[in-house]
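Protein chains: 2
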Amino acid sequence: MKAVAVQRGETEPTLINIPQPTPNDGEVLVRTLRVGIDGTDHEVISGPHGGYPEGADYQILGHEAVGVVVDPTTTKFSEGDLVVRTVRRPPESGSTLYFDRDEPDMAPGGDYVERGIVGAHGYMSEYFTSPERFLVPVPESLAVYGFLVEPISNAEKAIEHAFAARSDFEWTPESGFVLGNGPLGLLALAILEQDRGVYGRFDRTYCLGRRDEPDLTIDIIRRLGSTYVDSRETPLTEMPGVHEPVDFVFEATGYARHVFETVDTLAPNGVAVLLGISEDWSFGIDGGRLHREMVLENKALIGSVNSHVDHFEAAKESLSAFPHWFIDDLITGVHAPEEASRAFETGDDIIKTVVEFDTL
Amino acid sequence: MKAVAVQRGETEPTLINIPQPTPNDGEVLVRTLRVGIDGTDHEVISGPHGGYPEGADYQILGHEAVGVVVDPTTTKFSEGDLVVRTVRRPPESGSTLYFDRDEPDMAPGGDYVERGIVGAHGYMSEYFTSPERFLVPVPESLAVYGFLVEPISNAEKAIEHAFAARSDFEWTPESGFVLGNGPLGLLALAILEQDRGVYGRFDRTYCLGRRDEPDLTIDIIRRLGSTYVDSRETPLTEMPGVHEPVDFVFEATGYARHVFETVDTLAPNGVAVLLGISEDWSFGIDGGRLHREMVLENKALIGSVNSHVDHFEAAKESLSAFPHWFIDDLITGVHAPEEASRAFETGDDIIKTVVEFDTL
Chain Y
1136 MKAVAVQRGE
1146 TEPTLINIPQ
1156 PTPNDGEVLV
1166 RTLRVGIDGT
1176 DHEVISGPHG
1186 GYPEGADYQI
1196 LGHEAVGVVV
1206 DPTTTKFSEG
1216 DLVVRTVRRP
1226 PESGSTLYFD
1236 RDEPDMAPGG
1246 DYVERGIVGA
1256 HGYMSEYFTS
1266 PERFLVPVPE
1276 SLAVYGFLVE
1286 PISNAEKAIE
1296 HAFAARSDFE
1306 WTPESGFVLG
1316 NGPLGLLALA
1326 ILEQDRGVYG
1336 RFDRTYCLGR
1346 RDEPDLTIDI
1356 IRRLGSTYVD
1366 SRETPLTEMP
1376 GVHEPVDFVF
1386 EATGYARHVF
1396 ETVDTLAPNG
1406 VAVLLGISED
1416 WSFGIDGGRL
1426 HREMVLENKA
1436 LIGSVNSHVD
1446 HFEAAKESLS
1456 AFPHWFIDDL
1466 ITGVHAPEEA
1476 SRAFETGDDI
1486 IKTVVEFDTL
Chain W
1136 MKAVAVQRGE
1146 TEPTLINIPQ
1156 PTPNDGEVLV
1166 RTLRVGIDGT
1176 DHEVISGPHG
1186 GYPEGADYQI
1196 LGHEAVGVVV
1206 DPTTTKFSEG
1216 DLVVRTVRRP
1226 PESGSTLYFD
1236 RDEPDMAPGG
1246 DYVERGIVGA
1256 HGYMSEYFTS
1266 PERFLVPVPE
1276 SLAVYGFLVE
1286 PISNAEKAIE
1296 HAFAARSDFE
1306 WTPESGFVLG
1316 NGPLGLLALA
1326 ILEQDRGVYG
1336 RFDRTYCLGR
1346 RDEPDLTIDI
1356 IRRLGSTYVD
1366 SRETPLTEMP
1376 GVHEPVDFVF
1386 EATGYARHVF
1396 ETVDTLAPNG
1406 VAVLLGISED
1416 WSFGIDGGRL
1426 HREMVLENKA
1436 LIGSVNSHVD
1446 HFEAAKESLS
1456 AFPHWFIDDL
1466 ITGVHAPEEA
1476 SRAFETGDDI
1486 IKTVVEFDTL
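Residue numbers (the numbering used here), protein chains in the order written: chain Y, 1136 to 1495; chain W, 1136 to 1495.
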């Protein structure tokens, strides 16, 4: 079967041919429909993130997949069920505590592999197998865009953790600020613009980028009802003066200075949740002032990575509620596996791309 | 009546004579028994914290008081009731939202004054008045040590906020690390060593200091069942290798580098709560690595200041459960108002001092 992989020593994806996998009992054979590409995939190819499966000289890419059950073996699934899958898997050796708790997103480094990212093959192939517990059923209405459930689930987890961190007092956030206008940032912004029971809705949202107009992402930001903030004109530290101090920050840039600048961006009692993956980078800060500000104004910084099945369920709900135009505008390219290298191109006219193996 | 105050332009407390206050209806007149002194009082006299009441050329010190109701006026209190009081009061102008919510500890700067700290006189006088809602009744068993309810309440709030920040997953912390062996640090350590229903009990605790043995605080740390960590031998960043990465950090040093070093001290999914008040101080950090570490290991940093009535209630419970030897060893000096300057002395043989105005 066809698969899209990166070979050791190379920095471009290539199409390879490998045997179709056979499911064991308790596993499900899935026919892949679509696999989304995000910043992590680019980092896996050439960045601070990721690692080949042990002993392999290539890694199959992709961790955002939607597919159809072909062979359910002994599982609860039926042939034809539509599914998406979680990313983390138990390690060859090490603790499985967090998997036993169904919270693999909280497992420490070394106690997991991540399919398509660290130490395990991904889903960018015509078929893949998965244990039952790592598959989440989705309705047929998500056959085309279901691959978005995985990235949305990461935002759902991060937002949940941020709200939990403010749950010991009466927190009534009005303003939310997404740092980064990449796919994850835009998906998070769409969540903040939703009118959801649990979180209510932010009265005012902002999204940070560094693009000139006209620009596809700025159009989306505005159409969502949000305000675009150009970091070249309005550094984070000036956000309170130019717009307002914000109650909630969702960091999705991987730009480490933002972590520390965001203390000034936050309103009293505010929380910033961090999702970007930075490379090593030393710089100076006024650590004394930041410390004092965090204490005297009860501010919080929360790191968040990955997600588990509950967050996938929340993500299904969000995705189903997103306006259709938003998803249409977000997906800027659908590519056959044979043209995978095109799917990995970047540019100001590209937001999110997909490799399509098949349709329902 | 006698009062201990700091005069504008001076950096030593002095005894002054001022008229005894008269309570209005809804206020309570309290005869002061004891007022504790902590790091904040020293900062008020000569540090980064505090400010005189508007128009006053002196500030009465003290924010940790226990006293007896002398005149309850129209309130629910009765003559002879023992009370402690909270610190924050509504400002002359500004929002009273957080006072209306009974969460004044979450009010932003400018929306409160703090008796004995910022913009209002403290309690270090023979009598003081207070609105009913800012007084917390305590049992007669706390007549001597009830002034400790206020500092303990700050630790209770901080610990609550930290646990809330980890409430969205199954967090089972085993190790706690208090940074700082001052009075607040030791009180926090005693809380962590308690077997309390809500938090369980930490299996292993550590307390950071920079003292040579023999030392009073190191003796207390050991007798509490905790391990002393000398920061000159074991910097925070080496804590995981020398002892272990810790699930929970309670920062009570006001040393800003600790905020950033603590990211390395924390175990995966760990949380650090920050209470120290730093002065401006610029230094370099590997911000990229810290950012990545916080994200990939789900770590959290939480600032926390002050407390409200619920935390005072929790503090009463903790204080009542503390071993008697601990309190005895913690209080290294009880001084009459006339010798207040002695109560403000510092040194390695001094942990916590008290000004005693009267006894029950």
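Note that CB positions come from ideal geometry on N, CA and C, so glycine has one too. Computed from a predicted model, the values in this text were never measured in an experiment.
Can you have a look at residue i and say buried or exposed, based on whether 16 or more other CB atoms are within 10 angstroms of its CB?
i, result
"W/HIS1393", "buried"
"Y/GLU1328", "buried"
"W/THR1352", "buried"
"W/VAL1469", "exposed"
"W/VAL1377", "exposed"
"Y/PHE1418", "exposed"
"W/HIS1459", "exposed"
"Y/THR1149", "exposed"
"W/GLN1155", "exposed"
The alpha helix (DSSP H) spanning residue i covers which residue range?
i, result
"W/ASP1354", "1351-1358"
"Y/HIS1426", "1422-1431"
"Y/ILE1151", "First-last for Y/ILE1151: 1148-1152, but that is the beta strand (DSSP E), not the alpha helix (DSSP H)."
"W/ALA1475", "1475-1478"
"Y/VAL1222", "Taken as a continuous stretch (DSSP letters only), Y/VAL1222 belongs to no alpha helix (DSSP H), as it is neither H nor E."
"Y/PHE1234", "1232-1235"
"W/VAL1377", "1374-1377"
Quick one: list the residues of chain W neighbouring residue i, beta-carbon separation under 9 Å, in chain order.
i, result
"Y/GLY1229", "In chain order: nothing, as chain W lies at least about 13 Å away."
Let's see if you can read the secondary structure: which residues bound the beta strand (DSSP E) around residue i?
i, result
"W/ILE1491", "The residue asked about is misnamed: residue 1491 of chain W is Glu in this sequence, not Ile. Per DSSP, W/GLU1491 belongs to the beta strand (DSSP E) from 1487-1491."
"Y/THR1497", "Missing from the structure shown is residue 1497 of chain Y; chain Y here goes from 1136 to 1495 and no further."
"Y/ILE1180", "Taken as a continuous stretch (DSSP letters only), Y/ILE1180 belongs to no beta strand (DSSP E), being part of the alpha helix (DSSP H) at 1174-1181."
"W/VAL1313", "1310-1314"
"Y/GLY1320", "Here Y/GLY1320 belongs to no beta strand (DSSP E); instead the alpha helix (DSSP H) covers 1318-1327."
"Y/ASP1206", "1199-1206"
"Y/LEU1168", "1162-1171"
"W/VAL1141", "1137-1142"
"Y/ASP1330", "That residue, Y/ASP1330, is in no beta strand (DSSP E); it is neither H nor E in DSSP."
What whole-angstrom Cβ distance do residue i and residue j have, given they're in contact under 8 Å?
i, j, result
"W/VAL1179", "W/ILE1252", "6 Å"
"W/ARG1169", "W/GLU1491", "5 Å"
"W/ASP1354", "W/ASP1483", "The pair is not a contact, with the Cβ atoms about 12 Å apart (cut-off 8 Å)."
"W/ALA1300", "Y/ALA1435", "7 Å"
"Y/ARG1427", "W/SER1413", "5 Å"
"W/VAL1313", "W/CYS1342", "5 Å"
"W/PRO1308", "W/PRO1286", "So it is not a contact: roughly 23 Å between Cβ atoms."
"Y/GLY1202", "Y/VAL1218", "6 Å"
"Y/THR1372", "Y/GLU1396", "5 Å"
Grouping DSSP H, G and I as helix and E and B as strand, with all else coil, what is residue i?
i, result
"W/ASN1289", "helix"
"Y/ASP1483", "coil"
"Y/TYR1193", "strand"
"W/VAL1248", "strand"
"Y/THR1400", "helix"
"W/LYS1451", "helix"
"Y/TYR1341", "strand"
"Y/ALA1300", "helix"
"W/THR1264", "strand"
"W/HIS1470", "strand"
"W/PHE1461", "helix"
"Y/GLY1281", "helix"
"W/GLU1275", "helix"
"Y/PHE1513", "Residue 1513 of chain Y is absent from the model: chain Y starts at 1136 and stops at 1495."
"Y/GLU1414", "coil"
"W/LEU1371", "helix"
So which residues of chain Y does residue i contact, with C-beta pairs closer than 7 Å?
i, result
"W/SER1442", "Ordered by position in chain Y, no residue passes the 7 Å Cβ test against W/SER1442, which lies about 11 Å from the chain."
"W/SER1413", "GLY1423, HIS1426, ARG1427"
"W/GLU1368", "Those within 7 Å of W/GLU1368 in chain Y number zero; the least Cβ separation is about 23 Å."
"W/PRO1243", "PRO1403, GLU1432"
"W/PHE1395", "GLY1422"
Using the beta-carbon of each residue, which ones in chain W are nearer than 7 Å to residue i?
i, result
"Y/LEU1409", "HIS1426, MET1429, VAL1430"
"Y/HIS1296", "ASP1303"
Along chain Y, in chain order, which residues have C-beta atoms closer than 9 Å to that of residue i?
i, result
"W/GLU1275", "The premise fails here: W/GLU1275 is roughly 31 Å from chain Y at the closest Cβ pair, so nothing lies under 9 Å."
"W/ILE1355", "Going along chain Y, no residue has its Cβ under 9 Å from W/ILE1355, so there is no contact; the nearest lies around 25 Å."
List the residues of chain Y that residue i touches, going by C-beta distances under 8 Å, in chain order.
i, result
"W/TRP1416", "ASP1421, GLY1422, GLY1423, ARG1424"
"W/GLU1238", "PHE1304, GLU1305"
Listing by chain order, which chain W residues have their CB less than 8 Å from the CB of residue i?
i, result
"Y/ALA1299", "ALA1299, ALA1300, ARG1301, SER1302, ASP1303"
"Y/GLY1320", "None at all; the shortest Cβ gap to chain W is about 15 Å."
How about residue i: is its C-beta nearer than 8 Å to some C-beta of chain A?
i, result
"W/ARG1392", "You won't find chain A in this structure, because its protein chains are Y and W."
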